[in-house]
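Before any comments, here is the structure.
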Amino acid sequence: MIRALAIIALLWPCAVSAEDRRTGYDDMSPALQLLQDDPMNPGVFWVLDGERLWAEPAGEAEQSCADCHVEAGASMQGVAARYPAWDEALSTPVDLSGRIGLCQTRYQGLAEAGDRSHPDRLALLAYVTHQSRGLPITPDPDPRLAPARAEGEALFFTRMGQLNLSCAQCHDDNAGGHLAAARIPEAHPTGYPQYRLEWETLGTLDRRLAGCMTGVRAEPFAPGSAQTVALELYLKSRASGLAMESLPIRP
Amino acid sequence: MAVLINIPETAAPGEIVAIKILIQHPMETGFRTGSDGALVPRDIIETVVCLYRGEEVFRADLFPAVAANPFLGFHLRAEETGEVAFVWTDIVGATSREFRTLTVA
Amino acid sequence: MTLSRRAAVTGLLSLPWILRMTPARATPETMQGALDAFTGGASVREGRVTLKIPLLVENGNSVPLSVSVESPMTPEDHVEEIAIFNELNPLPDTARFHLTPRAGLAAVETRIRLNGSQTVHAVARMNDGSHWSTTTNVIVTAPACREV
């Protein structure tokens, strides 16, 4: 009997969940979590716009996304959870927004992909990402991504800006603490693109990274640049296994 | 502009139904300065009206202090099957309309 | 007697300039003025109105608010209008809700902007002309690394 109890006592910690990581959703107030879970979530407008654009023919080829990819719910499931990914033609990693732009120029015959912050691009990004909601972040295992991922990790630990702070100093060393009244998150990209109350609109991870870098008085990396993609590769591997959120809201 | 309306399709006579509406709109306050330093002009939805079988049930006057993508929740008492109309007007007088049918049985 | 031109100009220049109609930031006094305009100066009693709003928010750009008034909402006894006021936004008016007995329930929700920590007032006017109110103080915080 004593031996049985001892075995149970030793094995008990393995029986409970081992997930210690906290997402930005976990860190938010209940009121904001309610807003994210509410069907009347303003982020839904971009997903609805993306659904419309998905079926619209565009470019010289008069092709819609649906012409190749048919039902987004099936073909795009898991894509956002896996990205960034390797692009053969460019021989470089690309993020999901970049991939959408490449599709538009290569297969729809658009002369130019257009701005990454254009509402249509954001809408398509929101719609495609939405097809990965609830799925665990599963970084692409392609070994060609490893050098960029390592660069992203190095950037995460590099001091930047006039305040001379690295991402790690806030988001590893001081996560859960407070910067003024704001709780410092662990910085897992489970909720992008997100409707951020501060922006009063939908925005991407590179917009948020630019905000952070401006915050430490560093020159922000350009959206879609090699450095932002490298950082995203690292952040996604650091967040591996965490679920992609649906219609994310952040303060 | 896009709008989400949450209203039950059916109701019992006398039942009080909850209605929610979310309108896609920046609700530009008119107090912000743009990147060029100039004041961004006010652009808000000023009035939202709900009519049930042609009669006003609820009307909201919105000011710049209402959040972007304005959300409203209110109620109506179901009486007979009929049209529920949503009409909203912005600061320059542009009006949008959406219609739903409430079946009361 | 006619005024000399110099006297007229001096007179004009000595007049106080017309005050700007919209202050950069409202004050509890301007809010009280807006409240008085709503009630027509009638007395306002505390009670019957319930205001649900978080006591602390992480961003003032979208604060959920729900206001309800105890009322049978009959033609003889109903809420006519509920007005929401704030103390420190540029404008004291936030929203006005006009109800009818057809509403069935005097319960409204919305999301508002609060430009900093302040008190929110909800005032209801009944069909008999009486006014009821309640207030809540909201602490509004903001992100530390704000986009410039």
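Chains as they are written, first to last, in our numbering: chain A, 1 to 251; chain B, 252 to 356; chain C, 357 to 504.
For glycine and all other residues, C-beta sits at the position ideal for the given N, C-alpha and C.
Host alpha helix (DSSP H) of B:CYS301 (start-end): Unbroken run through B:CYS301 is the beta strand (DSSP E), 296-303; no alpha helix (DSSP H).
Residue-chain proximity (A:LEU235, chain B), Cβ-Cβ < 9 Å: no
Nearest candidate by alpha-carbon position, reference B:GLU297, set B:ASP287, B:ARG304 and B:PHE322: B:PHE322
Coil, strand or helix - A:VAL79 by DSSP: helix
Near-chain A residues of the segment 307-323 of chain B (beta-carbon distance less than 7 Å), N- to C-terminal order: ALA319, ASN320 and PHE322
Residues in the segment 133-144 of chain A having any Cβ partner in chain B nearer than 9 Å: none
Exposure of A:LYS236, with buried meaning 16 or more beta-carbon neighbours within 10 Å: buried
Neighbourhood of C:PRO457 by C-beta, 8 Å cutoff - its chain only, sequence neighbours within 5 removed: MET429, THR430, PRO431 and HIS434
Endpoints, alpha helix (DSSP H) assigned at B:ALA269: Taken as a continuous stretch (DSSP letters only), B:ALA269 belongs to no alpha helix (DSSP H), being part of the beta strand (DSSP E) at 267-274.
Cβ pair B:PHE350, B:GLU334 closer than 9 Å: yes
Beta-carbon neighbours of B:ARG328, restricted to chain C and to distances below 9 Å: MET429, PRO457, ARG458, ALA459, GLY460 and LEU461
Chain-ordered neighbours of C:ILE468 on chain B, where CB pairs are closer than 8 Å: ALA316, VAL317 and ALA318
Contact set between B:PRO264 and chain A, taken where Cβ atoms lie within less than 7 Å: Chain A residues near B:PRO264: none, gap ~27 Å exceeds 7 Å.
Cβ shell of B:SER347 (< 7 Å), same chain only, five flanking positions each side left out: MET252 and TRP339
Cα-Cα separation between C:THR378 and B:HIS276, rounded to whole angstroms: The predicted model places C:THR378 with a pLDDT of 41, which falls under 50 and marks its position as unreliable, so this point remains unresolved.
Span of the alpha helix (DSSP H), counted from its first residue to its last, around A:VAL93: Going by the sequence as given, residue 93 of chain A is Pro instead of Val. First-last for A:PRO93: 92-94, but that is the beta strand (DSSP E), not the alpha helix (DSSP H).
In DSSP terms, what A:ILE249 is bridged to: A:TYR195
Through-space distance from C:VAL425 to C:LYS408, alpha-carbon basis: 12 Å
Cross-strand partners of A:MET160 (DSSP beta bridge): A:LEU165
Short CB-CB distance (under 9 Å) between C:ARG401 and chain B: no
beta-carbon C:GLY485 near the ligand MN non-hydrogen atom, thresh 8 Å: The ligand MN is not part of the structure shown, which contains no ligands of any sort.
Own chain residues within Cβ distance below 8 Å of C:SER370, not counting five before or after: Since pLDDT at C:SER370 reaches only 48, below the 50 mark, its modelled position is unreliable, and no value is offered.
A:GLN36 beta carbon less than 9 Å from that of A:LEU179: no
Residue burial classification, A:ALA72 (beta-carbon count within 10 angstroms, cutoff 16): buried
Proximity below 9 Å, CB of C:ILE468 to CB of C:ALA480: no
A:GLN63 (DSSP reduced to helix, strand or coil): strand
Range covered by the beta strand (DSSP E) that runs through C:MET482: 474-482
Reference A:GLN77, options A:HIS188, A:TYR127, A:GLY152 and A:ALA181, closest by Cα: A:TYR127
Selected residue, minimal CA-CA separation from A:MET244, among A:GLU51, A:LEU202, A:GLU153 and A:GLN131: A:GLN131
Beta-carbon spacing of A:ARG250, A:LEU197 below 9 Å: yes
CB contact check: C:MET500 to chain A, cutoff 9 Å: Contrary to the premise, residue 500 of chain C reads as Ala rather than Met in this sequence. Yes, contact with chain A.
Contact with chain A by C:VAL413, beta-carbon distance below 9 Å: yes
Same chain, Cβ closer than 6 Å to C:ARG401, neighbours up to 5 away in sequence not counted: TRP488
Length of the line joining the Cα atoms of B:GLY281 and C:PRO420: 22 Å
Validate contact between the segment 76-93 of chain A and the segment 154-163 of chain A using beta carbons, cut 8 Å, 3 pairs: no
Whole-angstrom distance between A:GLU219 and B:GLY288, CA atom to CA atom: 22 Å
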